[in-house]
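Peer 1: So the numbering used here is basically just the index in the sequence shown, starting at one, shifted up by 712. The beta carbon of each residue, even a glycine, is placed where N, CA and C say it ideally should be.
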Amino acid sequence: QSKRKKLNDTTLYFGSYLHKESNNKKGFISKLSAKAYNSFVRFISTSNVQDNKSGVFIAYTQFAEELFATKLSHASNYFQIANQCGAHNIPTEDFALTVDVNSPSGSFLQIFTLPFISLYLSFKFFVLSSLHEIKFSKQRLQYKSGDSPIYRLIFYILVVGFCLSYPILSQQYGMTWDEKQHDEYSKVAYNWVVTFGDDTAALAESTGSHDYVRQIFRNYGEHMNLIAALIYNTFDTDPYNTRHFIISLYGLLGLICVGLTLKALTSWRGAIIALLFIGFNPGWLGFSMNNPTDIPFAVGFAVSGYFMVRVLQHMPNPKSKHITWLGIGIGIGIGSRVGALLIIAYMGLFLGLQWLFYCIKNKKGIFSKGVEMYIFTLMRIAVLGYLFGISIWPYALSNPIKNVFTAFKKSSENAFYANNTELFEGKRLYMLTEAPGYYVVKFLSIGNPIYLLAGIALTMALAFWMKKYIKVGYVLMFVFMLVFPIAWAEYTNLNYYNGWRHYLFVLPAMVVLSAMAYEFLFYTFKNKIVQVSILVVLVLAFGKPLLWQIKNHPNQYVYFNEFVGGINGAYGNYETDYYSNSCREAGEWIAKQEPNKKVLIGINNEPLTASYYAHRINPNLDFFWVREYEEYKPRWDYLILTSRTYSKNELLNGSFPPKGTVHVIKADDIPLCVIVKRENNFMPDGYEALARKQADSAIQFFEQAVNYEPMNEEAQRMLGQSYMVAGKFQQAETALKKAIEIYPENYSAYSTLGQVWFMQQKPDSALYYFDKALFYKRNVTEAYFYAGQCAMQKNDFSKAVSYFEGGVSHNGNVPEMYDGLGVAYLNLANYSLAESAFSAALSLNPNYAPAYYYLVKVFEHTNEPAKAKECARRYQLLSEGKPIQ
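#1: Label K1490 either buried or exposed according to how many other C-beta atoms from any shown protein chain fall within 10 Å of its C-beta, with 16 as the threshold for buried.
#2: Would you check if the region 786-795 and the region 823-841 touch, i.e. whether three or more CB-CB distances between them fall below 8 Å?
#3: Which partner residues does L1141 have in the DSSP bridge list?
#4: Where does I1078 sit, in a helix, a strand or coil, going by DSSP?
#5: Can you check the region 1444-1516 for any alpha helix (DSSP H) of at least 4 residues that lies completely inside it and give the ranges in chain order?
#6: Can you round the beta-carbon distance between M1228 and I1162 to whole angstroms, since I take them to be within the 8 Å contact cut?
#7: Alpha carbon to alpha carbon, what distance is there between Y1560 and S1463?
#8: Could you pull out every residue in the same chain whose Cβ sits closer than 7 Å to the Cβ of F1062, ignoring the five residues on either side in sequence?
#9: Hey, could you find the ends of the beta strand (DSSP E) I1377 is sitting in?
#10: The beta strand (DSSP E) with D806 in it runs from where to where?
#11: So does the region 1377-1387 actually touch the region 1359-1369, counting three or more Cβ pairs closer than 8 Å?
#12: Pull the bridge partners of N1350 from the DSSP assignment, please.
#13: What do you reckon, are the CB atoms on V1218 and S1123 nearer than 9 Å?
#14: Would you say R981 and F1234 are within 9 Å of each other, going by their C-beta atoms?
#15: When DSSP builds the beta bridges, which residues end up paired with D1334?
#16: For T1171, which residues from the same chain have a beta carbon less than 6 Å from its beta carbon, with the 5 sequence-adjacent residues on both sides left out?
#17: Specify the secondary structure class of S1123 as computed by DSSP and reduced to three states.
#18: Using only CA atoms, which one of I1093, P1008, L1206 lies nearest to Y962?
#19: Quick check on H1026: buried or exposed, where buried means 16 or more other Cβ atoms within 10 Å of its Cβ?
#20: Using only CA atoms, which one of R1140, Y1564, E891, N1132 lies nearest to E1457?
#21: When DSSP labels each residue in this structure, what does P1008 get in the three-state scheme?
#22: Can you round the beta-carbon distance between V768 and L809 to whole angstroms, since I take them to be within the 8 Å contact cut?
#23: Over what stretch of residues does the alpha helix (DSSP H) that includes F752 continue unbroken?
#24: Do you know how far the Cα of Y1350 is from the Cα of V1338?
#25: Is the separation between the beta-carbon of S1359 and that of L1402 shorter than 9 Å?
#26: I1377 and I1313: beta carbons closer than 9 Å?
#27: Could you check whether A1175 and N931 sit closer than 9 Å to each other, using their CB atoms as the reference points?
#28: DSSP on G727, reduced to helix/strand/coil?
#29: Is I1113 helix, strand or coil when you go by DSSP?
#30: According to DSSP, is L1206 helix, strand or coil?
#31: Got a sec? Which residues, its chain only, sit under 6 Å from P1030 by beta carbon, not counting five neighbours each side?
#32: From S714 to F807, what distance separates their C-alpha atoms?
#33: Between V1520 and the rest of its own chain, which residues show a CB-CB distance below 7 Å, the 5 nearest in sequence each way excluded?
#34: Let me confirm a value: D1408 is counted as buried when at least 16 other C-beta atoms fall within 10 Å, else exposed. Which label applies?
#35: Using the Cα positions of N1424 and I1329, report the straight-line distance between them to the nearest angstrom.
#36: Can you grab the Cα-Cα spacing for the pair N720 / F999, in whole Å?
Listed below in structure tokens is the structure:
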């Protein structure tokens, strides 16, 4: 029985023993268990029914017969009926069962099998029900309708295709240059978990350069990497294969949610467009295979974007499962980067605006009845998101408030910035200070297919006309989610590097906005010829980037669009394989050529990106990192080089690939990575002769190297340096200028050229070249030191201070730098700072005699004779009795 009420003839009414007016005789624990079971059912399924086991429902006969002949034709039991109603958006309502009986509840076994049942019911909804509707429904041929069952079926087929292909493809990609540090931190985070917090290495500050990058990640959350560590430690699987597999699952979750966002806003046809746009986006596809941070962060925004829409659509009575999933989305984001706290602020803004416009429309006050539901909803979302975000984040759990906001503050201050110099618009820029404000916008514009950008432009242009199909508020919501973070980054002077990967989280908003436009065109133009024409244009536009990705697998992420002439046009103007994906193929190629021998291999990237995979073939290979500007110094047998450290001039003038290249890994016609085989030892022999201070011998070796490869800037530069050491300044200048001609942004050659003029006592000319060196790279320690010396030669001690302080800020481990700083302060009569500088020099090297010498001068000026005498004694001990003048 149920309390009498007037029934709607287009609604299914489901009986509930959990209704507040029901006559449920079970105890409190049993009721609580039943509620928990049903909450879980609603969370993982499409059912919106309060009681999924009552077995009672009511509907008008005609309405029920029509439903069971079409949409509910494959629903064979009560739960399936409830589930299919939710999937088809059939109106439902709960009513209290007042019969005096014990209500049924779910068993543990049923709870365990629910996820599998939900997958089966999804299959029935998307496939069996769609096929039934296509076969029997009067609307079966209505492809013009965006919600035709044919589109629902295609959406499901695409999702299944992505679910099968993404994890498989993830095992074919290389390792990113920072993945080693992520893995190392995940190991200490794993130790923190399994020791229940006794092992605190995951919480520690870095103790030096050896663990600096690893310990930075304590501020990141690292959920995905910790999950990977838990899995590969538990099941003894390969750490990097496991990580890539899990990353692909994150990517899948994100693309599904982006597709569902379009379904929530438009139709299944729109969902298909969005799914294709993001699933085959070169950046999303490429990074979903191996990017351990940017993909989980972006997925947090994708999941949150979908469920923000669902919550807003159901206000003021949002569904708990939507709020929970929104919290999970926020948690995924925070668990990757703490900046995802912004999603909570986004939701607060969107809820506030929705309530404000409701009040304006209905002429109500802002604090009128109903506002409490909006506040309560935001609080639920914020708490759930925050708790999910810190749930397995060691640093946050050690102090859930302070450490989270400490990490947020640091991320806002560029505390985790990588010290990068990169190629942008044909120039090598020091990204910390020289990246232009339009850097991200430029990369988003040239790194995404043109059809995606065209769709966004169409949405912006057609937003007013869309309002009858898509509410303008949702269009503006995704515009805000695209524009705000980029504008905020520029306003707060956040720094950029590595293309647009750090802004991958705006891609879901871009895809949603773009897919809206194409779906709106299909919705607006019902004529078959027009719709086919739109489809043909879209397929052609979509097909070209898709074919490019197939051809250049597994290096999809290096894609550039036609605005810059594709990757062929971008080569020499922008970085290509900045994330080192191609190094895997290079390492494997060498291993196949040398399957048994012990071979030395240099690489200008993180060695593990090549060695990890090569060692599966030949574990005897020895990989090591070669320093930028010193690639030819070590005695390697093979050298792996990506174009990452090369200038436009070198890339386009024939310097790269260098002579001796035996294999090239390409994208289209351009080299991403090359393998050089050693043909002579002129370069290492020259370096060794120079180290022995045999400048004439070094000159001979470097001249041979130049004759072998005239376009090798390192050979030209080292020849110039050898001439300088030999005192042959004119020849040194000629060789160094040739190196600069090959590589115009050659800060090392400029610095050495400055030393040539410094040694000739010409400080003005020397300063010109030192300043050029520092213009191209801000952390050239030797340039700061010699520039400071030049300034002191000119008696410009204030300028000298600025140079020495610059050197100290970039490298505080050079006693000579502090000594120069102290001398400059001494000449400026700033004795306190002079004393501090000399003391710093001595803290680095207690036997650094010049610091004691100048401290004598300082203490004489400050009238501290005892200190002066002691410093004089120490100076004479260290300088074999040399007197102080």
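Peer 2: On the basis of the coordinates in this document:
#1: Taking the sequence shown and counting its residues from 1, the one referred to as residue 1490 is at position 778. According to the sequence displayed, residue 1490 carries Arg and not Lys. Per the 10 Å Cβ criterion, buried.
#2: yes
#3: Position 429 of the sequence shown holds residue 1141. L1141 is bridged to E1134.
#4: Taking the sequence shown and counting its residues from 1, the one referred to as residue 1078 is at position 366. Here I1078 sits in coil by DSSP.
#5: 1459-1471, 1475-1488, 1493-1505
#6: Indexing the sequence shown from 1 puts residue 1228 at position 516. Indexing the sequence shown from 1 puts residue 1162 at position 450. The pair is not a contact, with the Cβ atoms about 17 Å apart (cut-off 8 Å).
#7: One-based indexing of the sequence shown puts residue 1463 at position 751. One-based indexing of the sequence shown puts residue 1560 at position 848. The straight-line gap from Cα to Cα measures roughly 25 Å.
#8: Counting from one through the sequence shown, the residue named residue 1062 turns up at place 350. Cβ neighbours of F1062 beyond the five flanking positions: M1020, L1024, M1189.
#9: The count along the sequence shown starts at 1 and reaches residue 1377 at position 665. 1373-1379 is the span of the beta strand (DSSP E), which, as asked, contains I1377.
#10: For the purposes of this step, residue 806 is taken as the residue at position 94 of the sequence shown. 804-808 is the extent of the beta strand (DSSP E) around D806.
#11: yes
#12: Within the sequence shown, the letter at position 638 stands for residue 1350. Correcting the residue type first, residue 1350 is Tyr in the shown sequence and not Asn. Per DSSP, I1313, K1389.
#13: Locating residue 1218 in the sequence shown gives position 506, counting from the first residue. Locating residue 1123 in the sequence shown gives position 411, counting from the first residue. No, they are not a contact pair.
#14: Here residue 981 refers to the residue found at position 269 when the sequence shown is read from its first residue. Here residue 1234 refers to the residue found at position 522 when the sequence shown is read from its first residue. Against a cut-off of 9 Å, the Cβ pair of F1234 and R981 comes out as a contact.
#15: For the purposes of this step, residue 1334 is taken as residue 622 along the sequence shown, with counting starting at 1. The partner list for D1334 (beta bridge, DSSP) reads L1312.
#16: Taking the first residue of the sequence shown as 1, we reach residue 1171 at position 459. These residues qualify, in order along the chain: L1225, M1228, A1229.
#17: As a position in the sequence shown, residue 1123 is number 411, starting the count at 1. If DSSP states are grouped into helix, strand and coil, S1123 belongs with the helices.
#18: For this step, residue 962 is matched to residue 250 along the sequence shown. Of I1093, P1008, L1206, the residue nearest in Cα terms is P1008.
#19: Looking up residue 1026 in the sequence shown gives position 314. Under this definition H1026 is an exposed residue.
#20: As a first step, residue 1457 is located in the sequence shown; it is residue number 745 there, counting from the start. It is R1140 whose Cα lies nearest to the Cα of E1457.
#21: Position 296 of the sequence shown, counting from 1, holds the residue named residue 1008. If DSSP states are grouped into helix, strand and coil, P1008 belongs with the helices.
#22: As a position in the sequence shown, residue 768 is number 56, starting the count at 1. As a position in the sequence shown, residue 809 is number 97, starting the count at 1. With 8 Å as the limit, V768 and L809 qualify as a contact, their Cβ atoms being about 6 Å apart.
#23: Locating residue 752 in the sequence shown gives position 40, counting from the first residue. Run containing F752: 740-756, per the alpha helix (DSSP H) assignment.
#24: If you number the sequence shown from 1, residue 1338 lands on position 626. If you number the sequence shown from 1, residue 1350 lands on position 638. Taking the straight line joining both Cα atoms gives about 12 Å.
#25: Along the sequence shown, read from residue 1 onward, the residue named residue 1359 stands at position 647. Along the sequence shown, read from residue 1 onward, the residue named residue 1402 stands at position 690. Contact flag unset, no.
#26: Position 665 of the sequence shown, counted from the first residue, corresponds to residue 1377. Position 601 of the sequence shown, counted from the first residue, corresponds to residue 1313. Contact flag unset, no.
#27: Taking the first residue of the sequence shown as position 1, residue 931 is located at position 219. Taking the first residue of the sequence shown as position 1, residue 1175 is located at position 463. No. Outside cutoff.
#28: The count along the sequence shown starts at 1 and reaches residue 727 at position 15. The answer is strand: DSSP assigns G727 an E or B state.
#29: As a working mapping, residue 1113 is identified with position 401 in the sequence shown. The answer is coil: DSSP assigns I1113 none of H, G, I, E or B.
#30: If you number the sequence shown from 1, residue 1206 lands on position 494. Looking at L1206 - three-state DSSP - the assignment turns out to be coil, as it is neither helix nor strand.
#31: On the sequence shown, position 318 is the one that residue 1030 refers to. Answer for P1030: V1023, T1089, listed in chain order.
#32: Taking the first residue of the sequence shown as 1, we reach residue 714 at position 2. Taking the first residue of the sequence shown as 1, we reach residue 807 at position 95. Any reading at S714 must be qualified, since the residue scores a pLDDT of 46, below 50, and its modelled position is unreliable; the value itself is stated next. About 7 Å.
#33: One-based indexing of the sequence shown puts residue 1520 at position 808. Excluding positions up to five away in sequence, the list reads M1529, Y1530, L1533.
#34: Position 696 of the sequence shown, counted from the start, is the residue given in the question as residue 1408. By the neighbour-count rule (16 or more Cβ atoms within 10 Å), D1408 is not buried but exposed.
#35: Taking the first residue of the sequence shown as 1, we reach residue 1424 at position 712. Taking the first residue of the sequence shown as 1, we reach residue 1329 at position 617. Distance between the alpha carbons of N1424 and I1329 is about 32 Å.
#36: Stepping through the sequence shown from its first residue, residue 720 is reached at position 8. Stepping through the sequence shown from its first residue, residue 999 is reached at position 287. The straight-line gap from Cα to Cα measures roughly 50 Å.
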